[in-house]
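S.K.: I have a structure here, written as structure tokens, and I will follow up with some questions on it.
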Amino acid sequence: MITSTIKKFVGRLFTPSASAGPQRIDRDQHGIDRRNVSRHAVKVCEVLRQQGYEAYVVGGAVRDLILGLEPKDFDVATNATPEQVRALFRRARIIGRRFQLVHVVFGQEIIETSTYRAPANGEQKTDEHGRILSDNVFGTQEQDAARRDLTINALYYDPHTEQVVDYHNGVQDLKKRQIRMIGNPEQRYREDPVRMLRAVRFAAKLNGTIEPGSRKPISALAELIENVPASRLFDEMLKLLTCGHAIDCLKQLREAGLHHGMLPLLDIVLEQPGGRRFIEEALERTDARVRSGRGISPSFLFAALLWPQVDARWKQIMAQGGHTIPALSEAADSVLDEQTEKLAIQRRFSSDMREIWFMQPRFERRQGKTTHRMIEQPRFRAACDFLQLRAAAGEFDSVLAQWWMDLANANDETRAEMIEETTRLPREAASEAPVRKRRRRPRRKPAVDGQAGGDAAPESLG
Ligand code: ATP
Ligand code: MG
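Right, dumping it as structure tokens:
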């Protein structure tokens, strides 16, 4: 009895835990300039502190500030309960059922404020693979840090002292650009397989590496991604593709064997020479847009990723005697059915994707009335950007694609003139684009109208 007590005591002395307390890192070492912290997040922390609570800016914002990047949003963590937080702010609402947190609203900005949470302690409900199905226990700051995924995501910034509280050597990892799981990586991946995807995403975003211990279990556990609900997978996939480093993410996903569950046919597509060029072109443009701070439309992106499959199937159905539009529709249905089974592409996205695809054959001709009708379509601009992508990948005539782009960019008057001009030219049976349709009229020399030129970069992806 006594020996076991002594053993426990000695054990505690030598367990490297946070009992030594977290590191408190000063401003000159972490380098965060308080002026880059959202004043609303500072306000939330201040109000809570004045009421005797602890409150810190936490998570992705602290990571990004140390990296010198502009955070997407600011989250606050506190020891006040959601009810206590709500009572202190005029515009605050409690959200979430499984784990409640508070949205404190300041005009356009929402500061998500959550109460410290305890990590998995083995008592939570899990599925048969160890995936946690519910966790809703409040905890201490130390516990809150331990339940977070990566060391670089478990940093707490106190706007008052300007110190960063670090339980897991996150600042050091950040400086080394090292991605490390908190706790036992295998167990943490089993609890939530999305953490594997997050590790890859942050490695790509930081242009860093996954620490060997955190990397090793991934390939053996990759198939657990299959158990993640489709809607969550879609959200994560979207984050991956729009983090500004999509190409690198996909490369790392492939290397880690994680891409299979994501977009079921992505690996096949990437292995087809034609499809690969198209997808790389799409992702390069997406990365460039994100890095220059411009928005991305998920529909456009997924329309592009799935296009090589739709296109291949479309051609196949046509070769078997199908007509252009019904064949395209059938191809789109079959690809979307297959992909949405795993990846819940929301209905609003899939209907936009269809519109972008269905407009493609219509770009092959330009004739007065039809052209006017096309411009009026809500997805005309996105479809036109999509056409530029096809031209860049060498599957559509680039002069004609440029004409459409100029049309999209032009004002009403110039548009009318451009369309009028095409009606005056010898009737254009089709462009130089691949012939997809049985033509009623004999083919004549296509009219090239000298409108080409200008900036070929797509200005709107939706
Ligand atoms: P992003 O820039 O993508 O928003 P982020 O780190 O802010 O990056 P969020 O998804 O907004 O990511 O999550 C906020 C914080 O919650 C993370 O920094 C991390 O501490 C924690 N977190 C998010 N997802 C998980 C997870 N699957 N397991 C454990 N902790 C997580
Ligand atoms: Mg975030």
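Note that the working numbering has the sequence shown beginning at 316, numbered continuously upward. Backbone N, C-alpha and C define an ideal beta-carbon position, used for all residues, glycine too. It should be emphasised that the depicted structure is a prediction, and the values quoted were computed from it without experimental measurement.
Given a threshold of 16 other Cβ atoms within 10 Å of its Cβ, counted over all protein chains shown, does I525 qualify as buried or as exposed?
M.R.: For the purposes of this step, residue 525 is taken as residue 210 along the sequence shown, with counting starting at 1. The residue is buried, with at least 16 neighbouring Cβ atoms inside 10 Å.
S.K.: According to DSSP, is T557 helix, strand or coil?
M.R.: Here residue 557 refers to the residue found at position 242 of the sequence shown. Correct three-state label for T557: coil.
S.K.: Say the cut is 7 Å; is the CB of G559 nearer than that to a heavy atom of ligand 2?
M.R.: Within the sequence shown, numbered from 1, the residue matching residue 559 stands at position 244. Checking every heavy atom of ligand 2 against the Cβ of G559, none is found closer than 7 Å.
S.K.: For L363, which option in I533, D727, K566, T430 has the closest C-alpha, if you only look at C-alpha atoms?
M.R.: Translated into positions along the sequence shown, residue 363 becomes position 48. Looking at the Cα atoms, T430 is the closest of the given residues.
S.K.: Out of I426, Q631, Q567, point me to the one whose CA is closest to L643's CA.
M.R.: Translated into positions along the sequence shown, residue 643 becomes position 328. Closest option to L643, Cα to Cα, is Q631.
S.K.: Taking DSSP as the reference, what is the three-state secondary structure of F453?
M.R.: As a working mapping, residue 453 is identified with position 138 in the sequence shown. DSSP, reduced to helix, strand and coil, places F453 within a strand of the structure shown.
S.K.: Looking at C-alpha atoms only, which residue of D464, L598, W672, E599 is the closest neighbour of W296?
M.R.: Nothing in the structure corresponds to residue 296, since the chain is present only between 316 and 777.
S.K.: For T655, which of A545, Q567, R739, C564 has the nearest alpha-carbon?
M.R.: Locating residue 655 in the sequence shown gives position 340, counting from the first residue. When each option's Cα is compared against that of T655, the closest is A545.
S.K.: Tell me A723's beta-bridge partners as DSSP assigns them.
M.R.: The count along the sequence shown starts at 1 and reaches residue 723 at position 408. Beta-bridge pairing links A723 to no other residue.
S.K.: Helix, strand or coil: which one does DSSP assign to A748?
M.R.: Taking the sequence shown and counting its residues from 1, the one referred to as residue 748 is at position 433. With a pLDDT of 40 at A748, under the threshold of 50, the modelled position of that residue is not reliable, and the figure given next carries that caveat. Coil.
S.K.: When burial is assigned at 16 or more other CB atoms within 10 Å of the CB, is K684 buried or exposed?
M.R.: Position 369 of the sequence shown, counted from the first residue, corresponds to residue 684. The residue is exposed, with fewer than 16 neighbouring Cβ atoms inside 10 Å.
S.K.: When the distance is taken between beta carbons, is A433 closer than 8 Å to V417?
M.R.: The residue you call residue 417 lines up with position 102 of the sequence shown. The residue you call residue 433 lines up with position 118 of the sequence shown. Contact flag unset, no.
S.K.: By DSSP, does H297 sit in helix, in strand, or in coil?
M.R.: Since the first residue of the chain shown is 316 and the last is 777, residue 297 is not available in this structure.
S.K.: Quick check: is any heavy atom of ligand 2 less than 7 Å from the C-beta of G374?
M.R.: Looking up residue 374 in the sequence shown gives position 59. Placement of the Cβ of G374 at a distance of less than 7 Å from at least one heavy atom of ligand 2 is found.
S.K.: Output the distance between the C-alpha atoms of A745 and I660, rounded to the nearest integer angstrom.
M.R.: The residue given as residue 745 occupies position 430 in the sequence shown. The residue given as residue 660 occupies position 345 in the sequence shown. Low confidence applies here, because A745 scores a pLDDT of 44, under 50, leaving its location unreliable and the question unanswered by this model.
S.K.: Spell out the partners DSSP gives D390 in its beta bridges.
M.R.: Taking the first residue of the sequence shown as 1, we reach residue 390 at position 75. According to DSSP, D390 bridges with V373, E427.
S.K.: I need the straight-line Cα distance from A335 to P532, nearest angstrom please.
M.R.: By one-based count along the sequence shown, residue 335 stands at place 20. By one-based count along the sequence shown, residue 532 stands at place 217. Straight-line Cα distance between these residues: approximately 29 Å.
S.K.: Could you give the C-beta distance for R681 and T639, rounded to a whole number, given that I count them as a contact under 8 Å?
M.R.: Residue 681 sits at position 366 when you count from the first residue of the sequence shown. Residue 639 sits at position 324 when you count from the first residue of the sequence shown. In fact, because the Cβ distance is near 16 Å, the residues do not count as touching under 8 Å.
S.K.: Could you compute how far the alpha carbon of F593 sits from the alpha carbon of A619?
M.R.: As a position in the sequence shown, residue 593 is number 278, starting the count at 1. As a position in the sequence shown, residue 619 is number 304, starting the count at 1. One C-alpha to the other measures close to 8 Å.
S.K.: Select from D379, V372, A395 the residue whose C-alpha is nearest the C-alpha of Q366.
M.R.: Walking along the sequence shown from the start, residue 366 turns up at place 51. The shortest C-alpha separation from Q366 is found at A395.
S.K.: Confirm the yes/no value for this check: CB of V509, any heavy atom of ligand 1, distance under 7 Å.
M.R.: As a position in the sequence shown, residue 509 is number 194, starting the count at 1. Under cutoff, so the answer is yes.
S.K.: First and last residue of the alpha helix (DSSP H) that includes H687?
M.R.: For the purposes of this step, residue 687 is identified with residue 372 of the sequence shown, where counting begins at 1. H687 -> alpha helix (DSSP H) spans 683 to 691.
S.K.: Looking only at C-alpha atoms, which of P337, E538, E596, P613 sits nearest to L555?
M.R.: As a working note, residue 555 is residue 240 in the sequence shown. Closest option to L555, Cα to Cα, is P613.
S.K.: Identify whether D626 lies in helix, strand or coil by the three-state DSSP scheme.
M.R.: Reading the sequence shown from its first residue, position 311 is the one you call residue 626. Here D626 sits in helix by DSSP.
S.K.: Could you check if K387 belongs to the surroundings of ligand 2, using beta carbon to heavy atom distance under 7 Å?
M.R.: Translated into the one-based positions of the sequence shown, residue 387 becomes position 72. Distances taken from the Cβ of K387 to the heavy atoms of ligand 2 include one shorter than 7 Å.
S.K.: In chain order, which continuous runs of the beta strand (DSSP E) of length 3 or greater are located wholly inside the segment 395 to 423?
M.R.: 407 to 410, 416 to 421
S.K.: In whole angstroms, what separates the C-alpha of M570 from that of P527?
M.R.: Here residue 570 is taken as the residue at index 255 of the sequence shown, counted from 1. Here residue 527 is taken as the residue at index 212 of the sequence shown, counted from 1. Checking the sequence, you will find Glu at residue 570 rather than Met. Cα-Cα distance, rounded: 14 Å.
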